[in-house]
Every structure is written in structure tokens, then in C-alpha cells.
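Q: Each protein sequence line maps, in turn, to chains A and Z.
Counting from 1, one number per residue, gives the positions in the first sequence under our numbering.
Counting from 1, one number per residue, gives the positions in the second sequence under our numbering.
Below you'll find the structure I mean.
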Amino acid sequence: MRSLVCTSGVVCFLALPVWAADFATRADWPSYGGTHSALRYSALDQINASNVQSLAPAWIFQTGDPESGLQATPIVIDGVMYLSSASNWAFALDAASGRIIWEYRYPWPKGQAPVYGRQNRGVAVGNGRVFMGTADNHVLALDQKTGREVWRVNVEDARQCGCNVTGAPLVVKDMVVVGVTGGDSAHRGYLTAFDARTGRMRWRFYTIPAPGEPGSETWPGDSWRFGGGATWMTGSYDPDLDLLYWGVGNAAADLNASHRRGDNLYTCSIIALDPATGKLKWHYQEVPQDVWDYDAAFELVLADMAIGGQARKVLMQPTKTGYVWMIDRVTGRFLKAWRFANNVNWVSGITEEGRLVGRVEPEVGKSKLVCPSAIGAKNWNQSAYSLRTGWLYIPVQEICNDLTASEDAGVEGKPFIGGNWVMKPPPGGKIEGYIAAYDPSTGERKWTWPASTWILASVLATAGDLVFSGDPEGFFFALDARTGKRLWSFQTGGGHRGSPVTYAVNGRQYVATPSGWGSVVGGTHQAFWPDRPAPRGGSALVVFALPRAEER
Amino acid sequence: MKLWIWVLAVPFCAQAADDVLSRGAVVFRQSCAVAYCHGPEGKAGRAPALAGRHFDAGTVMGIAAMGIPNTSMPAFREQLKPDDLAAVAAYVVSLNANHAEEAATVASRAMPPEVERGRSLFFDPGRPGACGSCHEIDGRGTPVSIALQEIRTARLGNLRTIESPNVVTVRTSGEQPFPAVVVEKSAGRTRVYDLSSRLPVLRTFEPPEVVLEPGSSWSHQAATGLYTEAELAAVSRYLEWLVRR
């Protein structure tokens, strides 16, 4: 990522401090979040606010795997795109033309229903391999040039654990690091690292300490065995600090803590590990004893900025809670948390030390309206952080839920929810979604762009001062990064539940977006907006570029 | 119980069937498919799949109203109106038409506590490389090596010193020779389970890349070393129970 070359015709933004090169993407989109800093920000600016109106389709790729939509983030390296679809098919495509170089189909596990349905959020590429997690909890490596399977390993029997791999792996040096789902099952979460070349396990970090280990005092009795703590989204890595960061999901049972009184480490926490050993360097718990299903599993945005007049290496995480958590990524110290959603009542506030105040606890046999809902003020679809504006762009939804706790007994690998939720509009309001821009150093909201329904696709920011995303009704669109004004849109024909990227081949900038509705949360759409057009399924990658005459 | 009968008594044929089904679909998405439970169209999710299970409307309504004690299935009688319960039941019944039957789950069998302990150790999720990492029993575990329920206990003997004649040595350029179980050896490719780390890795080679030599320095001790004597004794009791059942 350091040896970046700006190919001819692509104007790179050079007025930034030197460190910016480590955070922004250029011609490639090498990792899930762009770079290992997960900014989802590109320094490419050939496509910009002045010419985006001319953006037109360059090519479209149909995966042929339409059952559950397309949720992936494509990876682009040296003009080749690597893409995965919901049934664990993987593709290598010529990123300039869409021509198939190779394809791979994982033998779909017979007689197994994947725990959260068919979905896959992407591959990782490195060390000459393409890595993918599977619906039956395997990890596999394909030869980057041929697509031939090189190794495959069963992370844990999916039939036993009620878990699997839906997130994109992360390549760190000569390893691939993989998280698992299972936070709503009677399961104990973990993160596993494998040797990229051979597939041999290097280490496993359990997100819930076993009896006798530090932190085990936060789990009474046997509750640690089924405590959740899934690692279902993709982490980040700081090569200078050599720290691997990962977000850990909710505690189980989701809505009832009666059997697990304590802080329940390291659920709803950010963990920083030594990638060589998998040993914990520090942790920060956002939500001790979570009872709302408030995963801290989402993107960990690494940026350097001034906080209170002091330069800081910051880790930002916008989560289901309606807050952005800002942590010093060197030490794990809490810096601040600021609210990005309008409807938040699960706490009355968060102190300057990060302590939660005025928690609304679900009760057995009694329904309570809690905002945001378990879907979250933001779901797993990612925000973007622009190094040009210095603003964080978050896809937000305002949804509350009636929570009722119940006394469940955990049975290994089976659902372990401890209550139920019924989605509700906010008090006195309606269910709605928008993209908003925030100055993360202050939490000030700069603008709001209201969606026709909500935004369950990731956001992409570019040095062309554009913010891209897509909506459930099929529109892929560009907003002015400074004003939030919609500058351009295109009807792709399928609802958007994936993550757009941008890249360049031979000096030509492309913007690529998955199209095709799916996912567990996506299934609630028509209940919220019965009068709007239903999101269309499908599984296509739609790629845009400027007409050749307009490239500068 | 009274309420349950009352719920069943609510007629749901008063409205046109299509209206009921579309209302049921909405209620289902709001209350049953939400987040992790029965999934869109009842096909997947964390809770049991509902599509293709041939539940009748009365059963579905009863369970939806009363819940299932000690599970994650809540009682919806306070949250859903009787009409909505009826509609959602009709919707769930309508899912039967379109989907094949789910695979049957393994029936639970009465297992004495010390046998259950052995089974837990065999499949211990806190121990990567537990017995289940290489042996499949009753549809659980990874079938790298022999399926244990098919062999006689007498042949098992001491689990630490059990012979493993099927393990070979793999030589390939750029890495140390490693112990492996051969899965496939054809003109086109060679597939082996690499046993050199705690989770066996299924590796695929093209023939010129790899040489297989009979025999290996690997022993079953490498795997059983994860267990104490007492734990291994419990595992043995589980295996003996499997043979006798």
C-alpha cells in the first residue's frame, strides 16, 4: 500500500500530510475497508463533483447467483477484480472489461441451512491467494492466478456451533485472520489466524475468557461457555503500531443478562491483538453487560486527527448504539463518544470517561420501547471517512423496538436470544433513513441527505468530493461531499445491500457497486414501507466510468 | 391454556385469503423474520426454519401465542392482535407449498452423565484440535479420519498409542515434510489433510508439486496430548457407549 503509483490521467491528491498515503486507496482497492485503515476513502478524483453527471455504465457482471442478493465488497488489485457471491462462488474479473478470468464454486453444504441464510460479504487477497469464508464455517484459499483451491480448513463444525463465516477475511502479513458469526447462539466467539500459504492455524483468540483467565471474573458460573461475542465483521490493522483491531459483537443471551451478571468481557468491545501471537494488547468495552444486541462488530476506522487540540491516532467506530466511539488506538484509552442518531434512549448519556448513564434494562414479561433497535441506528453496511473534508459519512436509520426479556436456557449452538423485539417507529415520529456527514472531532452534523426509505448499502467517499451509495429501490447515487446535494443517480435494477468501491485501470477511474437485495435485515423492508416499491433481488456488479472524452 | 383455546377459536377465514396472507407476510417480517429468528420467508435464520415443515395453522397459532418455555421462542399474545396471529399462522402454513422438507435433526438419546462428559470433551469447542476436528460421529465433526462409530472398541485400545498406519509423509518444495492423510490421488491432483497444525487442513496439489511417502513420525499422541488421562478416560467411555448402544 505504500508503493502507490498514480497512473497517467489520474490526478492524485497530493496536498495532504505524508501519512495520508497509508489511509487512502489509489488505483487498487486492496482490502475490505479500502486500505487496512478501513476509511472507505479513495484519493482518485478523475470522477468529481464537476463531471459526475456524465458517469455511465462501463460494464455489468451477473454472478448468476441471485438467491440472496449481493452483499460483497469487490477487491481490486493490478487491474483484476475479486468478487464473491452469496453461495460462496468467487470470481476474478478483468476490472476494465468485466471479462471472467476464473470462477470458483464452493460445494454447497448438503442438508445444512446456514445460520443467517446465504450471504457472503467478500474475499481477501494477498500472498498469491484469494481467501473466502463459507456458509458452513470453513475458510479456503484459492490460487490468485488460476482460482484453483489450494487449501480449506473447517474452523469449527457449523452444525455444533450455530456459527459460520459471512464476513470478509483480513490478510495481515503472511496470515489470514477470520472471524465467525454465532453471537445469537449459545456459543463462545473467537478470532482465528491461519498461515496464508499452508492454512495451518497460527492462533485463536477467544473473545470470552475461560475460567482462570483475566476477565473471566466478569462471567458467573458457566455463562462464559455460551456468552456470544461473535467477530462477524472485518477488523483493521495498523502496520506502524503492528496492532490488529477487531470489533466483538453482543453478549448472549442477547436481551437477558440474569445468568451473566458482570461486565461480560470482551463482548461489545474493541480488542487490539499482537498479530504474531494473537495475544491481547488492550481492549475497550463500549457496552458492559449488553442487553440490547448492540454489537460492537462494525468497521474500525483508523485516522489521525486533532482531538481537543492534540494530535491523536484515533480509532472510530459508529455502532448500533447510535454513538460513534472514539478510542486512542495506541493505548485503548477512551477519547469520546458522540451521538449520531436522533432517537437514542437506551442510555440517557455517556460520561467523559465513557461510563453509561441511565440504562434502560429489558425486563421479563414487560415490554419496553428502546431506541435504537437491534437492527441498529446503523447496520453492518459501512461508513466512509474523507481525508479531504475530514468528515465521517454514516448511513443512519431511525428505528426503535419493543424489547421483552425472557428466561431461556442455552443449548449449545442453538438460538440464545433471551427475549424478543418488535420493530417500532420512534415516539412521535416515523421510521426513516438518511446519510449524514459529521465532523468527528466535535460530533457536529454538517448535513443530512434523507433517503426515500433507508440506506443499507455502504458509503464510499472520494477525493473528487463525492459520496456514493445505493438505496433499496435500485438507485445508485452520488452526493456532494460538502453539501449533501444529490448530483447524479442511476437505476441499477436491484436493491443495494453491498459496498461500492472505486479503482483505476490504465488511468481510467471506475466506480463499482453490487446490486441485488437480500440479507436478514433487508427482509424487514416491506414491513416498514408497505407502500413503497419492493426492493428487487438479483446479484450483479454494475461498474461506471466517465465517457472517454471526458477523462482528464 | 384458556387463552390458547381462545386464540384457536378466532376465525381467520372472514377476510379474503389473499388479504390474510399478505397481512401475515407483513406480520411475519415484523415479528418473526426480524433480525435473527425465522428468516425471510421462513427459510433461514437462527430459529428453526418454518418453510416446508407442514405445521398446521392451529399449531403455529398456539406456539406463536404461548411461546415455547425455556427457549428463545417468545409468547406473542400480548404483542399481536388475534387477527394478526391468525394471519401469520396462515402465512406460515402457506410456506409449506414451496419448499422441500428440512433435513431431520439427530434425535436426542438418553446418555449417562459421564458419557455426556466424554462427548463434550470429544467435541470441545474450547480446544481447537479436539477429537471432533478429525472424527465424525452422528453427523458432527470433520471426517478426516475413520468414522469411529463403525469400529469396535476392542480395536481402539489405548487412545494415546493407537496406530495410525494411514498417515503418510508429504514432501513438497519450499516447506518441511509434513504428516498427512491422503484423500485423493489422481492424475489431475493430490488432496491430503495436513495434520501438522491443530486443525487439519485439506490441501490440494498438482501432481508434480508433491511426493507422498508411506509412513510418518506422526502419532495419535499429537492429538490426544490435548487431554488429561481423566479426560481421555471419559472420551473412551463415550466411544464404548457408542459401540454398545
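All C-beta atoms in this analysis are idealised placements derived from N, C-alpha and C, irrespective of residue type, glycine included.
Is N506(A) buried or exposed, if buried means 16 or more other CB atoms sit within 10 Å of its CB?
A: Indexing the first sequence from 1 puts residue 506(A) at position 506. Under this definition N506(A) is an exposed residue.
Q: Considering just the uninterrupted stretch of the alpha helix (DSSP H) at L239(Z), what are its terminal residues?
A: As a first step, residue 239(Z) is located in the second sequence; it is residue number 239 there, counting from the start. Counting along the chain, the alpha helix (DSSP H) containing L239(Z) begins and ends at 229–244.
Q: Less than 8 Å between the C-beta atoms of N137(A) and E149(A), yes or no?
A: To locate residue 137(A), count along the first sequence from 1; it is residue 137. To locate residue 149(A), count along the first sequence from 1; it is residue 149. Contact flag unset, no.
Q: Could you please tell me which residues of the stretch 150–165 of chain A, in chain order, have their CB closer than 9 Å to any CB of chain B?
A: The structure shown contains no chain B; the protein chains it does contain are A and Z.
Q: My guess is that G249(A) and G183(A) are in contact by the Cβ rule of under 8 Å, so how many angstroms apart are they, rounded?
A: Translated into positions along the first sequence, residue 249(A) becomes position 249. Translated into positions along the first sequence, residue 183(A) becomes position 183. That pair is a contact at about 4 Å.
Q: Can the beta-carbon of S236(A) be found closer than 8 Å to that of R260(A)?
A: For the purposes of this step, residue 236(A) is taken as the residue at position 236 of the first sequence. For the purposes of this step, residue 260(A) is taken as the residue at position 260 of the first sequence. No, they are not a contact pair.
Q: Give, in chain order, every residue of the stretch 192–220 of chain A whose Cβ lies closer than 9 Å to some Cβ of chain Z.
A: T192, F194, D195, R197, T198, G199, R200, M201, R202, R204, Y206, A210
Q: Grouping DSSP H, G and I as helix and E and B as strand, with all else coil, what is L95(Z)?
A: Along the second sequence, read from residue 1 onward, the residue named residue 95(Z) stands at position 95. If DSSP states are grouped into helix, strand and coil, L95(Z) belongs with the helices.
Q: What number of angstroms, rounded off, separates the C-alpha of R244(Z) from the C-alpha of V411(A)?
A: Locating residue 244(Z) in the second sequence gives position 244, counting from the first residue. Locating residue 411(A) in the first sequence gives position 411, counting from the first residue. Approximately 26 Å, taken between the alpha carbons.
Q: Please list, in chain order, all residues of the same chain as G522(A) whose beta carbon is under 8 Å from its beta carbon, the five residues on each side excluded.
A: For the purposes of this step, residue 522(A) is taken as residue 522 along the first sequence, with counting starting at 1. Result list for G522(A): G69, L456, P472, G495, R497, P535, in chain order.
Q: For V201(Z), decide whether its Cβ has a neighbour in chain A, counting only Cβ atoms nearer than 8 Å.
A: Translated into the one-based positions of the second sequence, residue 201(Z) becomes position 201. Yes, its Cβ sits closer than 8 Å to a Cβ of chain A.
Q: Using the DSSP secondary-structure output, state which residues sit across from N154(A) in a beta bridge.
A: Position 154 of the first sequence holds residue 154(A). Looking at the DSSP assignment, N154(A) forms a beta bridge with H138(A).
Q: Thinking G126(A) and V165(A) are a contact (beta carbons under 8 Å), I'd like their distance in whole angstroms, please.
A: Translated into positions along the first sequence, residue 126(A) becomes position 126. Translated into positions along the first sequence, residue 165(A) becomes position 165. The beta-carbon distance between G126(A) and V165(A), rounded to whole angstroms, is 17 Å. This is too long to meet the 8 Å contact definition.
Q: Q317(A) and A296(A): beta carbons closer than 8 Å?
A: Residue mapping note: residue 317(A) aligns to position 317 of the first sequence, counting from 1. Residue mapping note: residue 296(A) aligns to position 296 of the first sequence, counting from 1. Their beta carbons are under 8 Å apart, which means Q317(A) touches A296(A) by this criterion.
Q: Just to make sure I have the definition right: I need the residues of chain A whose C-beta is within less than 7 Å of the C-beta of L228(Z). Which are they?
A: Reading the second sequence from its first residue, position 228 is the one you call residue 228(Z). Just to set this straight, residue 228(Z) is Thr in the shown sequence, not Leu. The premise fails here: T228(Z) is roughly 15 Å from chain A at the closest Cβ pair, so nothing lies under 7 Å.
Q: Could you give the uninterrupted runs of the beta strand (DSSP E) lying entirely in the stretch 342–386 of chain A, keeping only those of 3 residues or more?
A: 368–370
Q: Anyone know if the C-beta pair for L199(Z) and A180(Z) falls short of 8 Å?
A: For this step, residue 199(Z) is matched to residue 199 along the second sequence. For this step, residue 180(Z) is matched to residue 180 along the second sequence. Contact flag unset, no.
Q: Could you name the residues of chain Z that G133(A) contacts, counting a contact when the two beta carbons are closer than 7 Å?
A: On the first sequence, position 133 is the one that residue 133(A) refers to. Those do not exist, as G133(A) stays about 14 Å from chain Z at its closest Cβ, beyond 7 Å.
Q: Please state whether the Cβ-Cβ distance between I417(A) and L255(A) is less than 8 Å.
A: Within the first sequence, the letter at position 417 stands for residue 417(A). Within the first sequence, the letter at position 255 stands for residue 255(A). Cβ distance < 8 Å, so I417(A) and L255(A) count as in contact.
Q: Return helix, strand or coil for Q119(A), following the three-state DSSP convention.
A: Taking the first sequence and counting its residues from 1, one reaches residue 119(A) at position 119. Looking at Q119(A) - three-state DSSP - the assignment turns out to be coil, as it is neither helix nor strand.
Q: Is T524(A) helix, strand or coil by DSSP?
A: As a position in the first sequence, residue 524(A) is number 524, starting the count at 1. T524(A) falls in the helix class under three-state DSSP.
Q: Report the residue ranges of all beta strand (DSSP E) runs contained in full by the stretch 406–442 of chain A; include only those spanning at least 3 residues, in chain order.
A: Within the stretch 406–442 of chain A, the complete beta strand (DSSP E) runs of at least 3 residues are 419–424, 432–439.
Q: The ligand FMN heavy atoms versus the CB of S367(A): any closer than 7 Å?
A: For the structure depicted, the ligand FMN is absent and the ligand set is empty, with no information on it obtainable.
Q: Is it the case that the Cβ atoms of Y385(A) and Y104(A) are separated by a distance below 8 Å?
A: Your numbering for residue 385(A) matches position 385 in the first sequence. Your numbering for residue 104(A) matches position 104 in the first sequence. No, the pair does not count as a contact, with Cβ atoms beyond the cut-off.
Q: Among P109(A), L142(A), Y190(A), which one has its Cα closest to the Cα of L83(A)?
A: In the first sequence, residue 83(A) corresponds to position 83, counting from 1. Among P109(A), L142(A), Y190(A), the Cα nearest to that of L83(A) belongs to L142(A).
Q: Excluding sequence positions up to five away, which residues of its chain have a Cβ less than 7 Å from the Cβ of A25(Z)?
A: Along the second sequence, read from residue 1 onward, the residue named residue 25(Z) stands at position 25. Closer than 7 Å at Cβ, skipping near neighbours: Y91.
Q: With distance defined between alpha-carbon atoms, name the residue in A168(A), N154(A), G199(A), G162(A) nearest to D174(A).
A: Counted from its first residue, the first sequence places residue 174(A) at position 174. Closest option to D174(A), Cα to Cα, is G199(A).
Q: In the DSSP assignment, find the unbroken alpha helix (DSSP H) run with E114(Z) in it and report its ends.
A: Taking the first residue of the second sequence as 1, we reach residue 114(Z) at position 114. Residues 113–122.
Q: DSSP three-state label for S216(A), please.
A: Here residue 216(A) corresponds to residue number 216 of the first sequence, with the count starting at 1. Correct three-state label for S216(A): helix.
Q: Within 8 Å (strictly less), CB to CB, does R188(A) reach chain Z?
A: The sequence position of residue 188(A) within the first sequence is 188, counting from 1. Interface residue, yes.
Q: Report the three-state DSSP secondary structure of Q397(A) (helix, strand or coil).
A: One-based indexing of the first sequence puts residue 397(A) at position 397. The answer is strand: DSSP assigns Q397(A) an E or B state.
Q: Run down chain Z in chain order and give the residues with a C-beta less than 7 Å from the C-beta of N610(A).
A: There is no way to answer for residue 610(A), as the model of chain A reaches only from 1 to 552.
Q: Does the Cβ of A306(A) have 16 or more other Cβ atoms within 10 Å, making it buried, or fewer, making it exposed?
A: The residue given as residue 306(A) occupies position 306 in the first sequence. Flag for A306(A) reads exposed.
Q: When the Cα of W338(A) is compared with those of G349(A), W203(A), P169(A), Q112(A), which residue comes out closest?
A: For the purposes of this step, residue 338(A) is taken as the residue at position 338 of the first sequence. The residue with the shortest Cα to Cα distance from W338(A) is G349(A).
Q: Could you pull the DSSP bridge partners for M81(A) from this structure?
A: Within the first sequence, residue 81(A) is the residue found at index 81, counting from 1. M81(A) pairs with V76(A), L93(A).
Q: Spell out the partners DSSP gives H283(A) in its beta bridges.
A: On the first sequence, position 283 is the one that residue 283(A) refers to. Beta-bridge pairing links H283(A) to I271(A).
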